[in-house]
Amino acid sequence: MNLQTLKSQFGEYAKDIKLNLGSVLTEEGAPDLKLNQIYGIALASAYATKNSAVVEAALNEFSSTLSEAEINAAKAAATIMAMNNIYYRFNHLVSDKEFGKIPAKLRMNVIGSPGIDKVDFELYSLAVSAINGCGMCMDAHVHEVLKGGVSKTSVQSCIRIAAVINAAAQAASIGSMESSVQQAA
685 MNLQTLKSQF GEYAKDIKLN LGSVLTEEGA PDLKLNQIYG IALASAYATK
735 NSAVVEAALN EFSSTLSEAE INAAKAAATI MAMNNIYYRF NHLVSDKEFG
785 KIPAKLRMNV IGSPGIDKVD FELYSLAVSA INGCGMCMDA HVHEVLKGGV
835 SKTSVQSCIR IAAVINAAAQ AASIGSMESS VQQAA
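Under our numbering, residues 685 to 869 are what the sequence shown spells out, in order.
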(Lines of atoms letter the chains of each structure in order from A; the text may use other names.)
(Lines give C-alpha, C1' and ligand atoms only; values in the text may rest on other atoms or scores of the structure.)
Protein backbone atom coordinates (compact mmCIF):
# COMPACT_ATOMS: atom_id res chain seq x y z
CA MET A 685 0.00 0.00 0.00
CA ASN A 686 1.21 3.52 -0.78
CA LEU A 687 -0.20 6.90 0.26
CA GLN A 688 -2.46 7.13 -2.79
CA THR A 689 -4.02 3.76 -1.96
CA LEU A 690 -4.39 4.79 1.67
CA LYS A 691 -6.09 8.06 0.70
CA SER A 692 -8.47 6.20 -1.60
CA GLN A 693 -9.73 4.25 1.42
CA PHE A 694 -10.70 7.40 3.32
CA GLY A 695 -14.35 8.39 3.28
CA GLU A 696 -15.74 11.80 2.42
CA TYR A 697 -15.27 12.78 6.09
CA ALA A 698 -11.51 12.89 5.41
CA LYS A 699 -11.52 14.93 2.20
CA ASP A 700 -9.45 17.69 3.82
CA ILE A 701 -6.91 15.14 5.06
CA LYS A 702 -6.58 13.63 1.57
CA LEU A 703 -5.88 17.07 0.15
CA ASN A 704 -3.49 17.99 2.95
CA LEU A 705 -1.53 14.74 2.49
CA GLY A 706 -1.08 15.72 -1.14
CA SER A 707 0.34 19.10 -0.22
CA VAL A 708 2.31 18.95 3.05
CA LEU A 709 4.53 16.12 1.82
CA THR A 710 6.06 18.29 -0.90
CA GLU A 711 8.77 20.94 -0.75
CA GLU A 712 6.20 23.53 -1.85
CA GLY A 713 3.78 22.44 0.87
CA ALA A 714 6.45 22.25 3.59
CA PRO A 715 8.45 25.46 3.10
CA ASP A 716 12.08 25.52 4.24
CA LEU A 717 12.33 21.73 4.53
CA LYS A 718 14.24 19.45 2.15
CA LEU A 719 12.49 16.41 0.72
CA ASN A 720 14.42 13.97 2.92
CA GLN A 721 13.47 15.99 6.00
CA ILE A 722 9.81 15.97 4.96
CA TYR A 723 9.80 12.22 4.42
CA GLY A 724 11.74 11.50 7.62
CA ILE A 725 9.39 13.67 9.66
CA ALA A 726 6.39 11.97 8.05
CA LEU A 727 7.79 8.48 8.70
CA ALA A 728 8.62 9.24 12.35
CA SER A 729 5.12 10.68 12.69
CA ALA A 730 3.60 7.56 11.11
CA TYR A 731 5.43 5.36 13.63
CA ALA A 732 4.19 7.63 16.44
CA THR A 733 0.57 7.09 15.38
CA LYS A 734 0.96 3.31 15.83
CA ASN A 735 -1.30 2.81 12.81
CA SER A 736 0.06 -0.05 10.71
CA ALA A 737 -1.69 1.08 7.51
CA VAL A 738 -0.15 4.55 7.76
CA VAL A 739 3.29 3.13 8.59
CA GLU A 740 3.09 0.72 5.65
CA ALA A 741 2.01 3.47 3.24
CA ALA A 742 4.74 5.83 4.47
CA LEU A 743 7.46 3.16 4.23
CA ASN A 744 6.37 2.19 0.72
CA GLU A 745 6.20 5.83 -0.33
CA PHE A 746 9.46 7.07 1.21
CA SER A 747 11.86 4.10 1.37
CA SER A 748 13.23 4.73 -2.13
CA THR A 749 14.24 8.27 -1.10
CA LEU A 750 15.26 7.83 2.54
CA SER A 751 18.51 6.12 3.46
CA GLU A 752 18.54 3.17 5.84
CA ALA A 753 20.03 5.55 8.46
CA GLU A 754 17.11 7.98 8.02
CA ILE A 755 14.57 5.16 8.31
CA ASN A 756 16.29 3.89 11.46
CA ALA A 757 16.38 7.43 12.86
CA ALA A 758 12.63 7.79 12.28
CA LYS A 759 12.09 4.57 14.24
CA ALA A 760 14.50 5.74 16.94
CA ALA A 761 12.77 9.14 17.26
CA ALA A 762 9.35 7.50 17.64
CA THR A 763 10.72 5.04 20.17
CA ILE A 764 12.82 7.35 22.36
CA MET A 765 10.10 10.01 22.36
CA ALA A 766 7.54 7.39 23.44
CA MET A 767 9.56 7.18 26.64
CA ASN A 768 10.64 10.81 27.00
CA ASN A 769 7.23 12.29 26.22
CA ILE A 770 5.67 10.35 29.08
CA TYR A 771 8.46 11.09 31.52
CA TYR A 772 8.83 14.80 30.75
CA ARG A 773 5.10 15.41 30.34
CA PHE A 774 4.69 14.04 33.88
CA ASN A 775 7.41 16.41 35.17
CA HIS A 776 5.79 19.30 33.35
CA LEU A 777 2.23 18.63 34.51
CA VAL A 778 2.63 17.34 38.06
CA SER A 779 2.01 19.95 40.74
CA ASP A 780 5.08 19.00 42.76
CA LYS A 781 7.93 20.56 40.76
CA GLU A 782 10.51 18.72 42.88
CA PHE A 783 10.11 15.74 40.52
CA GLY A 784 11.66 17.80 37.74
CA LYS A 785 14.80 18.27 39.82
CA ILE A 786 15.41 14.54 40.22
CA PRO A 787 17.75 13.05 37.55
CA ALA A 788 15.81 11.07 34.95
CA LYS A 789 18.21 8.11 35.02
CA LEU A 790 16.89 7.02 31.63
CA ARG A 791 19.22 6.02 28.81
CA MET A 792 18.70 8.24 25.76
CA ASN A 793 22.04 8.13 23.93
CA VAL A 794 20.36 8.02 20.52
CA ILE A 795 19.50 11.72 20.87
CA GLY A 796 23.19 12.60 20.97
CA SER A 797 24.20 10.13 18.26
CA PRO A 798 21.20 9.43 15.99
CA GLY A 799 23.15 8.31 12.92
CA ILE A 800 21.86 11.23 10.82
CA ASP A 801 22.20 15.01 10.94
CA LYS A 802 21.35 16.14 14.49
CA VAL A 803 18.94 18.85 13.28
CA ASP A 804 17.01 16.33 11.19
CA PHE A 805 16.68 13.99 14.17
CA GLU A 806 15.50 16.91 16.31
CA LEU A 807 12.82 17.66 13.68
CA TYR A 808 11.68 14.01 13.74
CA SER A 809 11.59 14.14 17.55
CA LEU A 810 9.68 17.43 17.51
CA ALA A 811 7.00 15.93 15.26
CA VAL A 812 6.65 12.86 17.47
CA SER A 813 6.52 15.03 20.61
CA ALA A 814 3.73 17.08 19.06
CA ILE A 815 1.73 13.92 18.31
CA ASN A 816 2.34 12.66 21.84
CA GLY A 817 1.44 16.03 23.37
CA CYS A 818 4.55 16.76 25.43
CA GLY A 819 4.97 20.52 25.72
CA MET A 820 8.25 20.28 27.60
CA CYS A 821 9.76 18.11 24.84
CA MET A 822 8.35 20.33 22.09
CA ASP A 823 10.00 23.35 23.72
CA ALA A 824 13.32 21.52 23.98
CA HIS A 825 13.28 20.35 20.34
CA VAL A 826 12.19 23.74 19.02
CA HIS A 827 15.08 25.30 20.94
CA GLU A 828 17.54 22.80 19.42
CA VAL A 829 16.39 23.19 15.82
CA LEU A 830 16.33 26.98 16.02
CA LYS A 831 19.82 26.87 17.55
CA GLY A 832 20.80 24.61 14.63
CA GLY A 833 19.77 27.26 12.11
CA VAL A 834 16.32 25.95 11.19
CA SER A 835 13.72 28.63 10.50
CA LYS A 836 10.42 29.06 12.31
CA THR A 837 8.76 28.30 8.97
CA SER A 838 10.54 24.91 9.00
CA VAL A 839 9.24 24.27 12.51
CA GLN A 840 5.71 25.08 11.41
CA SER A 841 6.10 22.83 8.35
CA CYS A 842 7.28 20.01 10.61
CA ILE A 843 4.25 20.37 12.87
CA ARG A 844 1.88 20.55 9.91
CA ILE A 845 3.29 17.25 8.62
CA ALA A 846 2.85 15.64 12.05
CA ALA A 847 -0.71 16.95 12.30
CA VAL A 848 -1.71 15.64 8.87
CA ILE A 849 -0.07 12.23 9.39
CA ASN A 850 -1.85 11.96 12.74
CA ALA A 851 -5.17 12.85 11.08
CA ALA A 852 -4.50 10.27 8.34
CA ALA A 853 -4.06 7.64 11.05
CA GLN A 854 -7.37 8.72 12.58
CA ALA A 855 -9.08 8.50 9.19
CA ALA A 856 -7.60 5.04 8.60
CA SER A 857 -8.77 3.90 12.04
CA ILE A 858 -12.28 5.18 11.38
CA GLY A 859 -12.31 3.30 8.07
CA SER A 860 -11.18 0.09 9.80
CA MET A 861 -13.82 0.49 12.50
CA GLU A 862 -16.55 1.06 9.94
CA SER A 863 -15.47 -2.06 8.03
CA SER A 864 -15.57 -4.12 11.23
CA VAL A 865 -19.03 -2.81 12.14
CA GLN A 866 -20.37 -3.52 8.64
CA GLN A 867 -18.94 -7.04 8.66
CA ALA A 868 -20.47 -7.72 12.07
CA ALA A 869 -23.92 -6.53 10.96
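All C-beta atoms in this analysis are idealised placements derived from N, C-alpha and C, irrespective of residue type, glycine included.
- Counting along the chain, Thr-689 sits inside the alpha helix (DSSP H) bounded by residues 687 to 692.
- A distance of 8 Å or more separates the beta carbons of Cys-842 and Ile-764.
- Taking all protein chains shown into account, Ser-692 has fewer than 16 neighbouring C-beta atoms within 10 Å of its C-beta and is therefore exposed.
- For Met-765, the uninterrupted alpha helix (DSSP H) run begins and ends at 752 to 777, by DSSP.
- The C-alpha of Gly-784 is placed about 36 Å away from the C-alpha of Ala-742.
- Between Tyr-723 and Ala-757, the CB-CB gap reaches or exceeds 8 Å.
- Of Lys-781, Ala-762, Ser-835 and Gly-819, the smallest CA-CA separation from Thr-733 is found for Ala-762.
- Cβ-Cβ distances below 7 Å link Ala-760 to Val-794 and Pro-798 in the same chain, with the five nearest sequence neighbours on each side left out; the list follows chain order.
- Three or more Cβ pairs closer than 8 Å define a contact, and the segment 849 to 856 falls short of that threshold against the segment 764 to 774.
- Excluding its 5 nearest sequence neighbours in each direction, Ser-813 has C-beta neighbours in its own chain below 7 Å: Met-765, Asn-769, Cys-821, Met-822 and His-825, listed in chain order.
- Just so you know, the alpha carbons of Glu-745 and Asp-780 end up roughly 45 Å apart.
- Sequence-distant partners of Ser-707 (beyond 5 residues in either direction) whose C-beta falls short of 8 Å from its own C-beta, in its chain, are Gly-713.
- Its chain contains Lys-702 and Ala-855 as the residues whose beta carbon lies nearer than 6 Å to that of Phe-694, once the 5 sequence neighbours on both sides are disregarded; these appear in chain order.
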